[in-house]
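*Asks:* One structure, as structure tokens, below. Some questions next.
Protein chains: 2
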Amino acid sequence: MDRPRKPTLDTVASAVGVSRATVSNAYNRPDQLSAALRERILAAAASLGYAGPDPVARSLATRHSAAVGFMLGQQLSTSFSDAALSIVLDGLASTVDGHDHCLVLMPGRDRGGPRPETVARAQADVVVAYSLPDDAPALVAVRARGLPMVVIDQPVLPDTARVEVDDFGGARLAATALHDLGHRRFGVLTFALRPDGHGGPVSAERLATAPFRVTRDRLHGYLEVTGPQPIWECARSSRELGRAGARELLSATPRPTALLCASDELAFGALQAVRDLGLRVPHDVSVVGFDDVPAAAYADPPLTTVRQPLAEKGRRAGELALRLLDGARPGGPTRLPVSLVSRDSTATPA
Amino acid sequence: MDRPRKPTLDTVASAVGVSRATVSNAYNRPDQLSAALRERILAAAASLGYAGPDPVARSLATRHSAAVGFMLGQQLSTSFSDAALSIVLDGLASTVDGHDHCLVLMPGRDRGGPRPETVARAQADVVVAYSLPDDAPALVAVRARGLPMVVIDQPVLPDTARVEVDDFGGARLAATALHDLGHRRFGVLTFALRPDGHGGPVSAERLATAPFRVTRDRLHGYLEVTGPQPIWECARSSRELGRAGARELLSATPRPTALLCASDELAFGALQAVRDLGLRVPHDVSVVGFDDVPAAAYADPPLTTVRQPLAEKGRRAGELALRLLDGARPGGPTRLPVSLVSRDSTATPA
DNA sequence: GAGTGTGACTGAAGCGCTTCAGAACGTCCA
DNA sequence: TGGACGTTCTGAAGCGCTTCAGTCACACTC
Chain V
1 MDRPRKPTLD TVASAVGVSR ATVSNAYNRP DQLSAALRER ILAAAASLGY AGPDPVARSL
61 ATRHSAAVGF MLGQQLSTSF SDAALSIVLD GLASTVDGHD HCLVLMPGRD RGGPRPETVA
121 RAQADVVVAY SLPDDAPALV AVRARGLPMV VIDQPVLPDT ARVEVDDFGG ARLAATALHD
181 LGHRRFGVLT FALRPDGHGG PVSAERLATA PFRVTRDRLH GYLEVTGPQP IWECARSSRE
241 LGRAGARELL SATPRPTALL CASDELAFGA LQAVRDLGLR VPHDVSVVGF DDVPAAAYAD
301 PPLTTVRQPL AEKGRRAGEL ALRLLDGARP GGPTRLPVSL VSRDSTATPA
Chain U
351 MDRPRKPTLD TVASAVGVSR ATVSNAYNRP DQLSAALRER ILAAAASLGY AGPDPVARSL
411 ATRHSAAVGF MLGQQLSTSF SDAALSIVLD GLASTVDGHD HCLVLMPGRD RGGPRPETVA
471 RAQADVVVAY SLPDDAPALV AVRARGLPMV VIDQPVLPDT ARVEVDDFGG ARLAATALHD
531 LGHRRFGVLT FALRPDGHGG PVSAERLATA PFRVTRDRLH GYLEVTGPQP IWECARSSRE
591 LGRAGARELL SATPRPTALL CASDELAFGA LQAVRDLGLR VPHDVSVVGF DDVPAAAYAD
651 PPLTTVRQPL AEKGRRAGEL ALRLLDGARP GGPTRLPVSL VSRDSTATPA
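These protein sequence lines map, in sequence, to chains V and U.
For the first sequence, this note's numbering gives the first residue as 1, with consecutive numbering after it.
For the second sequence, this note's numbering gives the first residue as 351, with consecutive numbering after it.
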């Protein structure tokens with residue numbers, strides 16, 4: 001009693017008594033056959049339980065698969081709790097949504113991006129890479145497959161579309177604001193510089209050779225204004241790690257009067273750390289974040305931060321991807337503006 | 351000057367002077383050829399720029415595609431901002447991660463789930479459906495394709511694995527707690543009962559015929575304890591809509607002393623609405639939520655809510671999906687426990 | 001009534017791979 | 001010395017579909 005074989009185009013074709021090509025046309029090119037015949041074919045298909053052309057076979061024949069790949073720097077399991085990433089995906093999705101394309105998520109291993117094998121097996125016509133280390137093997141793998149690619153927050157890759165944000169300038173903006181307020185002693189709190197799970201104080205050498213462009217640029221932006229400052233690296237951009245890191249930075253004597261954070265999430269942790277020490281923000285310590293995720297406005301106190309257009313970033317990436325699918329050439333990078341959003345977590349030093 | 355054709359298995363085979371089968375084996379069954387030959391083949395492949403077997407062709411030949419499909423009730427663009435959904439996806443992803451499978455997201459149209467065409471074209475071996483309306487066409491489409499499926503929070507479908515939570519019992523738990531505190535006048539705040547974008551007061555008939563099982567069960571759970579109460583429906587589970595809806599419910603005279611919300615997100619809006627009216631939680635109005643997303647603990651005041659194991663839900667679904675892939679039979683539904691988490695948003699009525 | 005379209009359908013050649021039943025050639029032991 | 005067995009590699013048959021160059025029949029035109 002083996003299961004009945006799934007019907008195929010041929011099944012339907014011979015049931016109706018036409019050629020396979022005709023059945024295919026019934027689905028894909030209704031103008032190629034008479035309406036009456038088409039009806040008959042569709043009816044027969046329905047009664048045979050044929051659900052339409054198999055997507056894999058179709059993809060093989062047409063050489064495209066109506067899917068946009070998205071490579072994550074981190075495991076899926078941590079991606080969805082990352083507000084900034086979620087918003088970017090949001091924007092990307094809204095574009096992809098409208099075109100009957102699916103989104104194929106390729107989870108990263110640790111923070112190094114997806115494994116090459118994952119990339120090699122993923123079925124997508126175009127790939128969007130988000131915030132991978134400069135030397136991610138996944139980037140090479142996409143290249144090797146010859147898939148068009150758009151990178152977000154990534155360095156120049158030949159023949160690749162790109163959307164980016166002025167992380168360096170944004171960080172400088174924030175640091176300058178604090179400097180203008182009179183701050184001179186800073187603590188810098190950052191997420192990973194390398195995908196090695198390392199945390200702790202950051203050496204100049206580690207900073208200089210960091211493969212995460214975004215991290216590097218933000219830190220350089222801060223330091224350009226402030227001069228050398230103690231930096232604490234968290235393995236991930238999480239509130240908890242930020243809290244612990246900020247505590248370390250605040251334990252220095254003399255205590256820094258301001259904390260420059262590479263993300264809002266870290267800044268939320270920093271706010272907490274300041275409270276933990278019985279101090280107040282911004283009276284005792286000023287805190288700035290980066291990203292301007294929605295929660296920044298609701299934080300206690302509302303967080304001064306650098307706004308980058310996260311949704312727009314995703315949307316643009318999606319549009320570029322779709323355009324590449326249509327055979328367009330990559331073109332120059334799309335650069336989106338950043339701005340400083342001043343709220344209540346910053347003030348003149350006491 | 352047309353682009354050089356992409357190399358295929360054959361390209362490599364003839365370059366090395368072996369059969370195509372051997373090259374295939376070099377990639378998929380290293381034990382089928384001598385190590386030396388394998389080396390030669392891989393080297394030749396590398397120098398020809400061959401990135402390994404094409405995933406689509408391989409899928410066609412092997413009849414599976416190393417991908418798990420995930421059908422969303424809502425558009426992708428709103429999914430990522432949904433904390434509960436994110437956590438479920440999280441759990442699912444962590445399972446899928448470990449098996450070199452990709453996650454193919456199928457965005458829903460409005461709230462009715464993905465369109466059948468999207469389902470028909472998606473390349474996945476197994477599909478996970480999350481919180482779709484009972485009559486979603488997407489469910490039929492998956493059936494038609496003969497794909498194994500696991501549903502989360504969905505009614506019984508023949509031949510389908512299922513993971514679910516006792517929404518009815520959970521809601522009853524919360525309502526009972528309030529009732530025991532002495533509350534008798536309630537307002538009930540819910541998200542969509544149907545995917546029609548409707549909002550406003552809910553009639554008994556609309557409640558009875560709601561195609562969203564989860565919504566229905568939670569409301570029935572509340573009402574079983576409290577008896578008939580005014581219900582306000584929000585088109586989506588968002589803080590803003592919750593705030594507006596709660597305001598409506600609170601404008602009744604006599605004013606309800608407690609608000610029963612179908613989700614934490616709505617409850618957050620309700621907290622805000624109470625403040626908007628110059629009242630205090632829980633002194634003037636008690637509020638309970640449902641889900642216990644992380645933010646519930648940080649709310650002001652911390653929210654009393656029904657905890658459901660969201661991550662676990664996703665994880666179980668992932669495991670079931672993977673097991674179905676291995677040819678397992680669906681088996682009975684997996685039921686996860688709920689519990690009441692009492693925090694500071696509930697108290698005896700003034 | 002020969003020439004010219006035109007709409008409706010078909011045949012066959014792929015798309016790039018996997019897989020399975022062998023073939024070819026040793027090796028080993030009785 | 002010969003049969004049993006292993007290892008290594010190959011041929012060919014698919015997987016289910018698209019697509020393009022036709023074929024065929026039939027109406028039109030002058």
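Every residue, glycine too, gets a C-beta built ideally from N, C-alpha and C.
Under the three-state reduction of DSSP, which class applies to A417 (chain U): helix, strand or coil?
*Replies:* Looking at A417 (chain U) - three-state DSSP - the assignment turns out to be strand.
*Asks:* Determine, for E240 (chain V), whether the minimum Cβ-Cβ distance to residues of chain U falls below 8 Å.
*Replies:* Judged by the 8 Å Cβ criterion, E240 (chain V) is not in contact with chain U.
*Asks:* Excluding the 5 residues preceding and the 5 following D2 (chain V) in the sequence, name in chain order all residues of the same chain whose CB lies nearer than 8 Å to its CB.
*Replies:* With a pLDDT of 43 at D2 (chain V), under the threshold of 50, the modelled position of this residue cannot be trusted; read the value that follows with caution. So no residue of the chain qualifies.
*Asks:* Where do the ends of the alpha helix (DSSP H) carrying G639 (chain U) lie?
*Replies:* No alpha helix (DSSP H) holds G639 (chain U); the beta strand (DSSP E) holding it covers S636 to D641.
*Asks:* Counting only beta-carbon separations shorter than 8 Å, does G402 (chain U) have a partner in chain V?
*Replies:* It does: the Cβ of G402 (chain U) has a partner Cβ on chain V nearer than 8 Å.
*Asks:* Does any CB atom of chain V fall closer than 8 Å to the CB of M456 (chain U)?
*Replies:* So yes, M456 (chain U) belongs to the interface.
*Asks:* Do we get a CB-CB distance below 8 Å when we pair K313 (chain V) with the residues of chain U?
*Replies:* By this cut-off, K313 (chain V) is not an interface position.
*Asks:* Quick check: the region 613-630 of chain U against the region 585-601 of chain U, are at least 3 beta-carbon pairs closer than 8 Å?
*Replies:* A contact exists between the region 585-601 of chain U and the region 613-630 of chain U.
*Asks:* I need the straight-line Cα distance from R605 (chain U) to P580 (chain U), nearest angstrom please.
*Replies:* R605 (chain U) and P580 (chain U): Cα-Cα distance of roughly 11 Å.
*Asks:* Taking DSSP as the reference, what is the three-state secondary structure of P201 (chain V)?
*Replies:* P201 (chain V): strand per DSSP, three-state reduction.
*Asks:* Among the residues of its own chain, which have a CB less than 6 Å from the CB of G668 (chain U), if the five just before and after it don't count?
*Replies:* So the list reads L442, T445 and V446, once near-sequence residues are dropped.
*Asks:* Tell me the start and end of each unbroken alpha helix (DSSP H) in the region 249-287 of chain V that is at least 4 residues and wholly inside, in chain order.
*Replies:* List check, alpha helix (DSSP H) in window: 264-276.
*Asks:* Just mark A13 (chain V) as buried or exposed, buried being the case when its beta carbon has 16 or more other beta carbons within 10 Å.
*Replies:* Flag for A13 (chain V) reads buried.
*Asks:* For the alpha helix (DSSP H) that G314 (chain V) lies in, which residues bound it at each end?
*Replies:* Note, G314 (chain V): alpha helix (DSSP H), L310 to L325.
*Asks:* Assuming S386 (chain V) is part of the alpha helix (DSSP H), what are its boundary residues?
*Replies:* Residue 386 (chain V) lies beyond the stretch modelled for chain V, which goes from 1 to 350, so this question has no answer here.
*Asks:* Less than 8 Å between CB atoms is the rule here; does L439 (chain U) satisfy it with respect to chain V?
*Replies:* Interface residue, yes.
*Asks:* Taking the Cβ atom as the reference point for each residue, do L609 (chain U) and G537 (chain U) lie within a distance shorter than 8 Å?
*Replies:* Taking 8 Å as the Cβ cut-off, L609 (chain U) and G537 (chain U) qualify as a contacting pair.
*Asks:* Output yes if chain U places a C-beta closer than 8 Å to the C-beta of A129 (chain V); else output no.
*Replies:* So no, A129 (chain V) is outside the interface.
*Asks:* Could you work out which residues of chain V lie near V406 (chain U), taking near to mean beta carbons separated by less than 7 Å?
*Replies:* Residues of chain V passing the Cβ test: V56, S59, L60, S65 and Q123.
*Asks:* Looking only at C-alpha atoms, which of U:A594, U:G577, U:D484 and U:G519 sits nearest to C584 (chain U)?
*Replies:* When each option's Cα is compared against that of C584 (chain U), the closest is U:A594.
*Asks:* Any beta carbon of chain V sitting closer than 8 Å to that of Q425 (chain U)?
*Replies:* It does; some Cβ of chain V falls within 8 Å.
*Asks:* With DSSP as the reference, identify every bridge partner of E164 (chain V), one or two as the case may be.
*Replies:* The partner list for E164 (chain V) (beta bridge, DSSP) reads V:R335.
*Asks:* Check whether the Cβ of A486 (chain U) sits closer than 7 Å to any heavy atom of the ligand ZN, and report yes or no.
*Replies:* The model on display carries no ligand, and the ligand ZN is accordingly not part of it.
*Asks:* Taking 8 Å as the CB-CB cut-off, is R329 (chain V) touching chain U?
*Replies:* So, not an interface residue.
*Asks:* Which residues in chain V sit within 9 Å of A470 (chain U), going by Cβ to Cβ distance?
*Replies:* Residues of chain V passing the Cβ test: A51, G52, P53 and P55.
*Asks:* Kindly indicate the opening and closing residues of the beta strand (DSSP E) around R145 (chain V).
*Replies:* No beta strand (DSSP E) contains R145 (chain V), which is instead part of the alpha helix (DSSP H) from P137 to R145.
*Asks:* In chain V, what lies closer than 9 Å to P431 (chain U) by C-beta?
*Replies:* As written in the sequence, residue 431 (chain U) is Ser, which differs from the Pro given in the question. Correct list: A83, S86, I87, D90 and P294.
*Asks:* Is the beta carbon of A596 (chain U) closer than 8 Å to that of L675 (chain U)?
*Replies:* No. Outside cutoff.
*Asks:* What are the boundary residues of the alpha helix (DSSP H) that L60 (chain V) is part of?
*Replies:* Residues P55 to T62.
*Asks:* I'd like to know if C611 (chain U) contacts chain V, where contact means its C-beta is closer than 8 Å to some C-beta of that chain.
*Replies:* Not an interface residue.
*Asks:* I want to see whether chain V comes within less than 8 Å of D450 (chain U), judged by CB atoms only; does it?
*Replies:* Answer yes: the Cβ-Cβ gap between D450 (chain U) and chain V drops below 8 Å somewhere.
*Asks:* Do you know whose CA, among U:P498, U:I502, U:H633 and U:A479, lies nearest L531 (chain U)'s CA?
*Replies:* Ranking U:P498, U:I502, U:H633 and U:A479 by Cα distance to L531 (chain U) puts U:H633 first.
*Asks:* Anyone know if the C-beta pair for L629 (chain U) and S695 (chain U) falls short of 8 Å?
*Replies:* The answer is no: Cβ separation not under 8 Å.
*Asks:* Starting from the C-beta of D82 (chain V), find all residues in its chain whose C-beta is less than 8 Å away, skip the five residues before and the five after it, and write them out in chain order.
*Replies:* If we look at D82 (chain V) and ignore the five residues flanking it on each side, its Cβ neighbours are Q74, S237 and E265.
*Asks:* DSSP three-state call for G227 (chain V): helix, strand or coil?
*Replies:* Of the three classes helix, strand and coil, the one that applies to G227 (chain V) here is coil, per DSSP.
*Asks:* Do the region 298-314 of chain V and the region 137-145 of chain V meet, that is, are 3 or more Cβ pairs less than 8 Å apart?
*Replies:* Short answer: they don't touch.
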